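Under my numbering, the first residue of the sequence shown carries the number 689, and numbering increases by one thereafter.
Beta carbons: idealized from backbone N, C-alpha and C, even for Gly.
This one's a predicted model, so the numbers in the text were calculated from it and none came from an experiment.
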Amino acid sequence: MSLSAPFATQRRSPLTWRPSTRFVFASLLGAGLVALPVLALAITALSSQAASIWPHLAANVIPVALADTALLLLGVGGLCALVGVGTAWLVTQYEFPGRRAFEWLLVLPLALPTYITAYVYVEFLGFQGPLQGALRALTGWRSLRDYWFPDPRNLAGAICIMAIVLYPYVYLSVRALFGLQAAAIVESARTLGASRGRLFWRIGLPMARPALAAGLTLALLETLNDIGASEYLGVRSLTLSIYTTWVNRNSLPGAAQIACVMLLLVVALILIEGKLRGQRRFALPVRQPRAVGRVPLAGRAGLAASLACALPVLLGAVLPIGFLGLEVLRRDPWQQFDAALLRSLLNALVFSGLAAGIVIALGIGIVAAGRQGREPWLPALARIASLGYAVPGTVLALGLLVPLAAFDNVVASASIRWLGANPGLLLIGSGAALVLAYVVRFLTIAVSGIESGLSRISPRIDDAARTLGASAPEVLRKLHWPLARPAIAAAALLVFVDCLKELPATLLLRPLNVETLATTVYGHAARGSFEDGALAGLLIVLAGLYPAIRLARAGGQPG
689 MSLSAPFATQ RRSPLTWRPS TRFVFASLLG AGLVALPVLA LAITALSSQA
739 ASIWPHLAAN VIPVALADTA LLLLGVGGLC ALVGVGTAWL VTQYEFPGRR
789 AFEWLLVLPL ALPTYITAYV YVEFLGFQGP LQGALRALTG WRSLRDYWFP
839 DPRNLAGAIC IMAIVLYPYV YLSVRALFGL QAAAIVESAR TLGASRGRLF
889 WRIGLPMARP ALAAGLTLAL LETLNDIGAS EYLGVRSLTL SIYTTWVNRN
939 SLPGAAQIAC VMLLLVVALI LIEGKLRGQR RFALPVRQPR AVGRVPLAGR
989 AGLAASLACA LPVLLGAVLP IGFLGLEVLR RDPWQQFDAA LLRSLLNALV
1039 FSGLAAGIVI ALGIGIVAAG RQGREPWLPA LARIASLGYA VPGTVLALGL
1089 LVPLAAFDNV VASASIRWLG ANPGLLLIGS GAALVLAYVV RFLTIAVSGI
1139 ESGLSRISPR IDDAARTLGA SAPEVLRKLH WPLARPAIAA AALLVFVDCL
1189 KELPATLLLR PLNVETLATT VYGHAARGSF EDGALAGLLI VLAGLYPAIR
1239 LARAGGQPG
């Protein structure tokens, strides 16, 4: 008996688990936050109340929305590939006037949300807009009976406008790979007499296929997330169908069913991207490959290359930003800074700042868990936590609404029963739900940015610190934080700006009578007075310019 007692005290229950590091809980929390809205959507879509709605949706709503969404994705994907790959090939393989400037100017359209660009082009190309006004002044035309002019408020217009904003996703990823191609391969092909077109189709494009697939997937996910441009341009996308079914028709189960169809489309996009990236693999030398010598273009060829790079910059950045600036200057800017706009700006700064702080803290914990933890399932949890960006904002908002509303109701019932007071909507009414949606959607930006910063720190430094008696939090605070601080700051800035621009989740989860810059622009455009929201739109664009330029500069470095 005396020998068995010590062993009995050392036995552990099979349910006991001691984590290898406290940061494991950050990975569990991040994965749980992403899984929560998806599970809530599935439960809502499969409820008994939803069963009677599905036949109507399957017959009247989903086919039209799915067809429009598929055509929109095909068009935007094709144009993004054409513009992004073409301009990336030009700036990496040829030398022509303005090439150095175009290398980073081509990224500037990323600073503009798709919905602001759509509002600008409808105003610019409209009958009362400056372009048609100039045509009538030059030609003497009086009405649309005298001439024909294309209308951007249709599917074709939506494809062109979204593509001119989203092509930088393809441009950045493909440009990075074109810049890393081994010079020996390209120069050998040139020596053997390969023409410029053959060099592109047989060597450049196949080697860039993984980067093209990744960039296209990002652009298409942004297209799926859009709601402002689709609604304004008259495209009945799945995202817009979710919004109208929920808000206008007051059918939460129906919206959840459409959201589940949209999630299946997102999963299909991710699987297709993985298949395209896995079809062919190319290996570069272990040493840093020598840069490809650029072929100089002079005369008409150089002018054509400059124009080909200038056109996307002009249409995607210069024209929308210039139009917004002129609209602001036409009125007294100081009068436009009224109390309503200041409140919207303050709300946007508070929500975005809170979300960025939480996202960075959670991202640091997830990356630290992957670096210091010993559990084999930690990489899978980090991967799940990074999937929030693939979930469109409307789907995310819908999935979060059900569990958060249930929590608010439970707390309110308990408070009424025990305290005799109703606290109201704690999470949804305070904006906490909106911040949580931002956290789930943009957590992947923090995780990838912090991972890239910490990957440059050798694990041997961690081992040496632990040998000297430093704990895991001390290693993070005294070693990782100072060395990775620039990468962490860049990730925080990107998250902050993306929160400022996010429209779908903000529209659906903001508290009553609370506006942000994005919803202010949307509200003015919906009322047909977009020019009154030009200053709010310009503030969003200006906030996104610095991260876009920083991203362009960083993307030009092979490291």
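1. Tell me which residues share the same chain as G765 and place their Cβ nearer than 6 Å to its Cβ, disregarding the 5 neighbours each side in the sequence.
2. Ordered along the chain, which non-local residues of its own chain (more than five positions away) have a Cβ less than 7 Å from that of S925?
3. Going by other Cβ atoms of all chains shown within 10 Å of its Cβ, with 16 needed for buried, is Q816 buried or exposed?
4. I want to know whether the stretch 1126–1142 touches the stretch 1198–1218 - three or more CB-CB distances under 8 Å.
5. Pick helix, strand or coil for P797, following the three-state DSSP scheme.
6. Flag this pair as yes or no: are the beta carbons of V1079 and G1087 separated by less than 9 Å?
7. Let me make sure I understand the geometry here. Which of Q1060, G1117 and V795 has the alpha-carbon closest to that of P1147?
8. Return the residue from the list I1145, M850 and A989 that minimises the CA-CA distance to A769.
9. Would A1073 be called buried (16 or more neighbouring beta carbons within 10 Å of its own) or exposed?
10. Starting from A1193, follow the alpha helix (DSSP H) in both directions and report where the run begins and ends.
11. Report the rounded CA-to-CA distance for L796 versus A846, giving the unit in angstroms.
12. What are the residues that DSSP puts in a beta bridge with P984?
13. Can D1186 and I1133 be called in contact, C-beta distance under 9 Å?
14. Could I get the ranges of all uninterrupted alpha helix (DSSP H) runs contained in the stretch 1063–1119, with 4 residues as the minimum, in chain order?
15. Output the distance between the C-alpha atoms of L767 and I1104, rounded to the nearest integer angstrom.
16. Identify whether G1061 lies in helix, strand or coil by the three-state DSSP scheme.
17. If I'm right that G987 touches V853 with Cβ under 8 Å, what's the distance once you round it to whole angstroms?
18. Please give the ranges of any alpha helix (DSSP H) in the stretch 697–764, keeping only runs that are unbroken, at least 4 residues long and fully inside the region.
19. Suppose the cutoff is 6 Å on Cβ atoms and the five residues either side in sequence are ignored; what does the same chain contact list for D1220 look like?
20. Would I1009 and A1180 qualify as a contact pair, given that the criterion is a beta-carbon distance under 9 Å?
21. Kindly indicate which residue of V749, G774, E791 and V712 has the alpha-carbon position closest to the one of R1238.
22. Does the Cβ of R863 have 16 or more other Cβ atoms within 10 Å, making it buried, or fewer, making it exposed?
23. Helix, strand or coil for P894? Go by DSSP, reduced to three states.
24. Under a three-way DSSP split, which group does V1135 fall into?
25. When the Cα atoms are used, what is the spatial distance from A1093 to G1045?
26. Less than 6 Å between C-beta atoms, sequence neighbours within five positions excluded: which residues of the same chain meet that for A1240?
27. With H, G and I counted as helix, E and B as strand and the rest as coil, what does DSSP make of E791?
28. According to DSSP, simplified to helix, strand and coil, what is E1162?
29. Taking A1070 and S715 to be in contact with their CB atoms under 8 Å, please state how far apart those CB atoms are, rounded to whole angstroms.
30. Pull up the CB-CB distance for L1223 and L928, whole angstroms please, since I reckon it's below 8 Å.
31. Among residues of its own chain, excluding the 5 on either side of V771, which ones have a beta-carbon nearer than 6 Å to its beta-carbon?
32. Can we say the stretch 732–745 touches the stretch 808–824, given the rule of at least three CB pairs closer than 8 Å?
33. Give a yes or no on contact between the stretch 1156–1174 and the stretch 1107–1125, applying the rule of three or more CB pairs nearer than 8 Å.
34. CA-CA distance, F1011 and A1057?
35. What do you reckon, are the CB atoms on L957 and L912 nearer than 9 Å?
Quick look at the numbers:
1. L904 and L908
2. A753, D756, T757, L760 and S918
3. exposed
4. no
5. Per DSSP, reduced to three states, the secondary structure at P797 is helical.
6. Result yes, Cβ atoms of V1079 and G1087 sit closer than 9 Å.
7. Measuring from the Cα of P1147, the nearest candidate turns out to be Q1060.
8. M850
9. buried
10. P1192 to L1197
11. 19 Å
12. E783
13. yes
14. 1066–1073 and 1081–1107
15. 57 Å
16. DSSP, read as helix, strand or coil, puts G1061 in coil.
17. No, G987 and V853 are not in contact; Cβ-Cβ is about 32 Å, not under 8 Å.
18. 712–733 and 736–739
19. H1212
20. no
21. E791
22. Buried: at least 16 other Cβ atoms inside 10 Å.
23. helix
24. helix
25. About 24 Å.
26. W792 and V795
27. helix
28. helix
29. 6 Å
30. Actually they do not touch by this definition, with Cβ atoms about 26 Å apart.
31. Y855 and P1000
32. Short answer: they don't touch.
33. no
34. 47 Å
35. yes
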